[in-house]
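**Q** Chains W and X are the protein sequences, given in the same order.
First residue of the first sequence: 4, per my numbering; consecutive thereafter.
First residue of the second sequence: 215, per my numbering; consecutive thereafter.
My structure is below; once you've seen it, I'll send some questions.
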Amino acid sequence: MIPAPFRYQRAATVSEALDLAAEGGEDATFLAGGHSLLPLMKLRLALPEVVIDIGRIAGLSYIRVQNGGISIGALTRHHDLEHSGLLARELPLLAAAAGRVGDPQVRHRGTIGGSLAHADPASDLPAVLLALDATLVAIGPRGSREIAAADFFTGTFETALEPGELLTGIRVPRPASPGWSFQKFTKRAIDWAIVGVAVQGGSVALVNMGEIPLRAAATERALAGGASPREAAALAAEGTRPVADINASRDYRQHLARVLTARALAEARSGHPRRKS
Amino acid sequence: MRVEVTINGQPVAADVEDRMLLVHYVRDVAGLRATNVGCDTTSCGACTLLLDGESVKSCTLLAAQADGREVTTVEGLAGPDGELHPVQQRFHEEHALQCGFCTPGMVLALVSLLRENPRPTEAQIRSGLEGNLCRCTGYHNIVRAALAAAEVAR
């Protein structure tokens, strides 16, 4: 499968990327690692006329402590998140979830910014960053702005980014409570999550339980009110309307959300066995 | 556009369509046919090659993304005198292939894995090969070969 014809342009800097995007208008799209965009282009579900390769912009790949939280560059690859000593200490939830995206080859190319901007409801990191109360930083023709993860995802493959706006970084506050877990149910190891659950302290976020990553609000309220993890997990699917597809019916996804949330809350509470990989 | 890639140590340059995928550049422009196209959807890993030493799926990269970079295919693994790379040698000894279609990708995924983690456990090898499918289901001997190659690398 070969993508439809397009014009390839390479940006060396953020400002060059913004200029090219302004020139290209609505028919232009940014390409980072390409592991969300290129598969869609090969299926001709995405038909950009201009592809702006931002993958070589220097200075957008980093993980560092900044202003009391953790700052991550948009071009940081899943592989780098997975193997970061800083993240293993500060945000083990994100490191562990990044290590379960796709497979090693995908993690060598895919980036955190690409995953977020692509906004596939089945992708892992959007829900993880929602559970972590992250803030996303974007820059556009009118300057830079911050968008809360809770406001960033607006629909399937849709975000609050304006045309021509580029996601440059992610800021994550240090978690108030250390317990965490990431649970993901797939048919094959490399598949997208049929359902996933990210837990950090009392925050619970769901992968693929709707058009956007969702907080399991009823579960969070129950936990805050002193319910047991088992009681709280039973509420994980409340208010959700997950898609029914070839992998799972709506009922089955809701069942998975409850089961995986129970496992996640138990693991977050009991601590982790040593990581297997 | 002009795309220049160093493939197995040799410079290759060509004017290609902007939309050309790296796997087609390697197979059709450079004429190196060991890298297979399997699923063509980033799943099976048959098209795995090394980009700047790291395993990637070349059906999901544009040739333009590899411009100016180094690619290694399975043709480039053996030494100049034809001596097999330890991973290739152990695949031979452990009979780690049946039909052979997945083999180039398997070998390169393992070369990349062993560079990152020279002392993998069996579990780490199995999860490190998540991105490579063997439809003959010959995984046990592949893992045996990987463990043997890791012994050599030590």
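For each residue, glycine too, the CB sits at the ideal point set by N, CA and C.
(1) For chain A, is any of its Cβ atoms less than 7 Å away from the one on Asp242 (chain X)?
(2) Tell me, please, whether the CB atom of Ile193 (chain W) is closer than 7 Å to any CB atom in chain X?
(3) Does the separation of the CB atoms of Thr264 (chain W) and Val200 (chain W) fall below 7 Å?
(4) Would you call Ser184 (chain W) buried or exposed, if buried means 16 or more other Cβ atoms sit within 10 Å of its Cβ?
(5) For the putative contact between Gln12 (chain W) and Ile60 (chain W), defined by C-beta atoms under 8 Å, what is the C-beta separation to the nearest angstrom?
(6) Can you tell me whether Thr79 (chain W) is buried or exposed, with buried defined as 16 or more other CB within 10 angstroms of its CB?
(7) Alpha carbon to alpha carbon, how far is Lys45 (chain W) from Ala235 (chain W)?
(8) Which residues in chain W have a C-beta closer than 7 Å to the C-beta of Arg233 (chain X)? List them in chain order.
(9) Checking the sheet assignment: what are the DSSP bridge partners for Ser206 (chain W)?
(10) Buried or exposed, going by whether 16 or more other CB atoms sit within 10 Å of the CB of Lys279 (chain W)?
(11) Indicate whether the contact test is met: 3 or more Cβ pairs, each with one atom in the stretch 112-120 of chain W and one in the stretch 354-367 of chain X, closer than 8 Å.
(12) Let me check understanding here. Comparing Cα to Cα, which of W:Thr189, W:Ala219 and W:Leu128 lies closest to Val175 (chain W)?
(13) So Leu311 (chain X) and Ala364 (chain X) are in contact, right, with Cβ under 8 Å, and what is the actual spacing, rounded?
(14) Three Cβ pairs or more, each shorter than 8 Å: is that satisfied between the stretch 255-262 of chain X and the stretch 334-351 of chain X?
(15) Flag this pair as touching only if the stretch 21-33 of chain W and the stretch 102-109 of chain W have three or more C-beta atom pairs under 8 Å; answer yes or no.
(16) Name the one or two DSSP bridge partners that Phe297 (chain W) has.
(17) At a CB distance below 7 Å, what residues from the stretch 48-82 of chain W approach chain X? Give them in sequence order.
(18) With 8 Å as the limit, tell me which residues of the stretch 245-264 of chain X have their beta carbon closer than that to any beta carbon of chain W; keep them in chain order.
(19) Can Val210 (chain W) and Ala130 (chain W) be called in contact, C-beta distance under 7 Å?
(20) For a contact defined as C-beta to C-beta under 7 Å, what are the partners of Gly342 (chain X) on chain W?
(21) Only counting the same chain, and skipping five residues up and downstream in sequence, which positions put a Cβ closer than 6 Å to that of Gly319 (chain X)?
(22) Tell me whether the beta-carbon of Ala237 (chain W) lies closer than 7 Å to the beta-carbon of Arg253 (chain W).
(23) Indicate whether at least one CB of chain X lies closer than 7 Å to the CB of Arg278 (chain W).
(24) In chain order, what residues of the same chain lie with their CB nearer than 8 Å to the CB of Ile225 (chain W), ignoring the 5 residues before and after it?
(25) With distances taken Cα to Cα, identify the nearest neighbour of Gln224 (chain X) among X:Thr287, X:Ala248, X:Glu297 and X:Met215.
(26) Start and end of the alpha helix (DSSP H) containing Leu164 (chain W)?
(27) Are the stretch 263-282 of chain X and the stretch 222-240 of chain X in contact at 8 Å, needing three or more beta carbon pairs?
**A** In short:
(1) Judged by its chain identifiers, the structure shown contains no chain A, and its protein chains are W and X.
(2) yes
(3) yes
(4) buried
(5) With a Cβ gap of about 13 Å, Gln12 (chain W) and Ile60 (chain W) do not count as contacting.
(6) buried
(7) 42 Å
(8) Ile5, Pro6, Pro8 and Phe9
(9) W:Gln203
(10) Here Lys279 (chain W) scores only 42 on pLDDT, less than 50, and its place in the model is too uncertain to base an answer on.
(11) no
(12) W:Leu128
(13) Incorrect: roughly 18 Å between the Cβ atoms, too far for contact.
(14) yes
(15) no
(16) Because residue 297 (chain W) is not part of the residues shown, which for chain W are 4 to 280, the question remains open.
(17) Asp56 and Gly58
(18) Asp254, Thr255, Thr256, Ser257, Gly259 and Thr262
(19) yes
(20) Pro107
(21) Gly259, Ala260, Thr262 and Asn346
(22) no
(23) Unreliable placement is indicated for Arg278 (chain W), whose pLDDT of 49 sits below 50; the coordinate value is still reported in the next sentence. Answer no: the Cβ-Cβ gap between Arg278 (chain W) and chain X never drops below 7 Å.
(24) Before going further, note that residue 225 (chain W) is Ala rather than Ile in the sequence given. If we look at Ala225 (chain W) and ignore the five residues flanking it on each side, its Cβ neighbours are Glu234, Ala235 and Leu238.
(25) X:Thr287
(26) Taken as a continuous stretch (DSSP letters only), Leu164 (chain W) belongs to no alpha helix (DSSP H), as it is neither H nor E.
(27) yes
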